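If you're matching positions, the sequence shown starts at 1 in our numbering and goes up one per residue. Take a look at the structure set out below.
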Amino acid sequence: MPSSPVVIGVDSSTQSTKAAVVDAASGRVLALGRAAHTVNGSDGARESDPGQWWRALTEAVGEALRGLDPRAVTGIAVAGQQHGLVVVDGAGVPLRPAVLWNDTRSAPQAAALTRELGAQGWLDRTGSVPVASMTAAKWRWLREQEPRTADAAAAVRLPHDFLTERLSGAAATDPGDASGTCWYSTATGAYDPFLLELLELDAGLLPAVVPGGATAVGTLTGSAAKELGLPEGVPVAAGTGDNMAAAVGLGLGRAGLLDHPVVSLGTSGTVFAATRTRPATAALAGFAAADGPGTYLPLGCTLNCTLAVDKVAALLGLDREDAAPGGEAVLLPYLDGERTPDLPRASGLLTGLRHATTPQQLLGAAYEGAAFTVLRALDALPGAAGTEVPLRLVGGGARGRTWVETVRRLSGRAVVVPRATELVALGAAALAAGAAGGGDPVAVATAWGAGDGETLPPVERDHATWARIAAALDTYVSLGAL
């Protein structure tokens with residue numbers, strides 16, 4: 001007889017794929033498989049072969065299922081890196097490498113799109129103003145730089161859409177990930193015909209938008225089931241973007257916590273909260289949430305977070321934890337340009353250097369610069385301003401002592417560090433459970449207790465460091481130096 005029911009949540013991120021096999025009743029992670037990705041490009045280019053995402057998914061799922069009963073699997077869902085542009089031919093084969101979220105070559109196209117409609121025009125329709133990361137800017141870049149490829153496209157997909165279609169054969173997406181394209185309207189809950197015409201993008205190339213990430217869009221195809229070592233007929237959820245899945249995993253949504261801010265420290269830094277207020281401010285991306293109509297996930301995203309700080313540590317020959325507060329030094333580690341604030345051509349900035357400045361202080365200044373950039377977006381979140389509501393701190397950085405203490409010192413807030421470490425995969429697993437008949441995915445994740453964890457009390461806010469970084473950034477932006 002098969003074992004107790006389990007679900008599989010897949011986190012297909014920029015650098016790797018993780019597959020979590022989760023007990024559907026308790027939320028306990030029974031096994032975790034991993035496989036790496038390769039990102040190529042320089043001078044602003046960031047690309048990956050979508051085929052390797054599929055190979056990594058099958059490898060990670062195979063590793064996670066080793067020793068487990070595949071007949072116990074009742075659902076599967078994919079959460080993927082947002083914004084990436086995948087163009088495929090009629091057989092579903094990619095025509096070129098995917099253009100990733102952190103590819104900044106489309107910055108001129110983003111600026112042009114903003115001028116054509118005006119920032120407020122975009123906010124009214126999509127809740128977001130185009131920046132280089134948004135898929136609409138990448139599609140405009142492709143049409144201008146590689147028109148033959150754009151004309152040959154039989155379908156346009158986001159990374160998680162591409163994988164969901166490989167699993168189920170269904171061309172489907174959810175409102176959460178779709179809202180990161182800038183051709184989906186959070187005002188109407190559908191693709192915007194006016195924007196599609198502006199972008200010269202045929203609606204027939206796009207996947208159908210289903211009500212939520214837990215919507216069952218089909219079942220595993222015979223070929224997918226064979227590659228994964230699973231039985232045919234396993235329900236496949238629509239899935240969503242990685243940030244939306246992390247929110248589900250934390251229990252954020254209409255069946256859980258609303259207006260509770262989260263700071264995620266990973267390759268990118270993000271700040272977000274689930275809310276019933278439709279966001280429309282240029283300071284944030286006005287995403288929809290994955291748990292269905294009427295819930296939103298306003299989000300601020302930075303390009304430079306843990307990897308940028310690790311690079312500074314490597315340049316200084318220091319361990320990442322061998323850091324001290326920066327003193328007078330300000331280091332903005334904008335090594336890949338920056339998204340928030342919108343400075344796609346920026347590079348790293350160091351100022352305030354003194355004879356007494358130590359290498360440990362320089363590394364600490366890099367932490368402070370990266371954390372400041374993420375935290376400054378907090379005040380724009382609905383209901384999240386001030387310091388009364390605790391921050392939930394997630395991502396790889398949340399496991400680092402210096403990251404946690406830097407966020408506490410610069411925010412002045414209590415910090416909750418959830419015990420669960422694979423929140424994107426857990427959120428995807430909750431979506432899979434929903435598709436298998438388990439109900440609202442946020443309620444599922446809340447019952448699992450994935451977002452529970454230790455609460456660290458607030459410390460006195462370091463207003464002096466905050467003001468010093470803000471003044472340096474504002475000065476250099478006004479001078480056009482970034």
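Glycine included, C-beta positions come from ideal geometry on N, C-alpha and C. A quick note: this is a predicted structure, and the numbers were derived from the prediction, not measured.
If I'm right that residue i touches residue j with Cβ under 8 Å, what's the distance once you round it to whole angstroms?
i	j	result
T104	A64	Wrong, their Cβ atoms sit about 34 Å apart, outside the cutoff.
A154	V88	6 Å
E321	R401	6 Å
L30	A237	Rounded, the Cβ-Cβ distance is 19 Å, inconsistent with contact.
D462	L410	6 Å
G286	T126	7 Å
A428	P457	So it is not a contact: roughly 32 Å between Cβ atoms.
V389	P261	6 Å
V271	V374	6 Å
Going straight from the alpha carbon of residue i to that of residue j, what length do you get?
i	j	result
A19	V6	12 Å
T149	P97	11 Å
A247	A273	8 Å
D319	G397	14 Å
L205	R157	8 Å
A450	L423	7 Å
A280	P344	22 Å
L426	L479	45 Å
T181	T14	17 Å
A77	S106	30 Å
P193	E200	10 Å
R115	G300	21 Å
P382	A255	18 Å
T186	G292	12 Å
D452	V417	8 Å
P207	S168	13 Å
L332	K226	48 Å
L349	P341	14 Å
V459	V404	12 Å
W101	V234	30 Å
V442	L265	22 Å
A36	A79	16 Å
Whose C-alpha, out of the options, is nearest the C-alpha of residue i?
i	options	result
A486	V61, L68, D342 and E328	The first residue shown for the chain is 1 and the last is 482, placing residue 486 beyond what the model contains.
T17	L57, Y367 and L378	L57
V129	Q361, G51, P298 and G369	P298
L335	R376, A282, V236 and T267	T267
L220	T475, A436 and L353	A436
A313	A216, T215 and P359	P359
D310	Y296, A289, A366 and Q361	A366
F162	A245, A111, G51 and W183	G51
T302	L315, V477, G337 and A208	G337
L315	T188, L362, S347 and A203	L362
G176	G118, G253 and W141	G253
A464	G294, P441 and G326	G326
A72	G229, S4 and A288	S4
V407	C305, D440, G241 and A447	C305
A45	A79, L142 and G90	L142
L68	D23, E47 and L353	D23
I need the DSSP call for residue i, collapsed to helix, strand or coil.
i	result
N40	strand
S264	strand
L375	helix
M1	Any reading at M1 must be qualified, since the residue scores a pLDDT of 41, below 50, and its modelled position is unreliable; the value itself is stated next. In this structure, M1 counts as coil in the three-state DSSP scheme.
G9	strand
E454	strand
T149	helix
T277	coil
R55	helix
L393	strand
L196	helix
E165	helix
T14	coil
D49	coil
T173	strand
D474	helix
A178	helix
R399	helix
A19	strand
Y468	Correcting the residue type first, residue 468 is Arg in the shown sequence and not Tyr. In the structure shown, R468 sits in a helix (DSSP, three-state: H, G or I).
A380	helix
P159	helix
Do residue i and the ligand COA come close, with the Cβ less than 8 Å from some heavy atom?
i	result
W101	Questions concerning the ligand COA fall outside what the structure shown contains, since it holds no ligand whatsoever.
At what residue ranges does the stretch 404–451 contain a whole run of the beta strand (DSSP E), taking only runs of 3 or more? 415–418
Which runs of the beta strand (DSSP E), 3 residues or longer, sit entirely within the stretch 203–271? 216–219, 235–237 and 262–265
For a minimum of 4 consecutive residues, which ranges assigned as the alpha helix (DSSP H) are wholly contained in the stretch 302–374? 306–316
Where in the stretch 60–143 do unbroken runs of the alpha helix (DSSP H), each at least 4 residues long, occur, reported from the N-terminal end onward? 107–117 and 119–126
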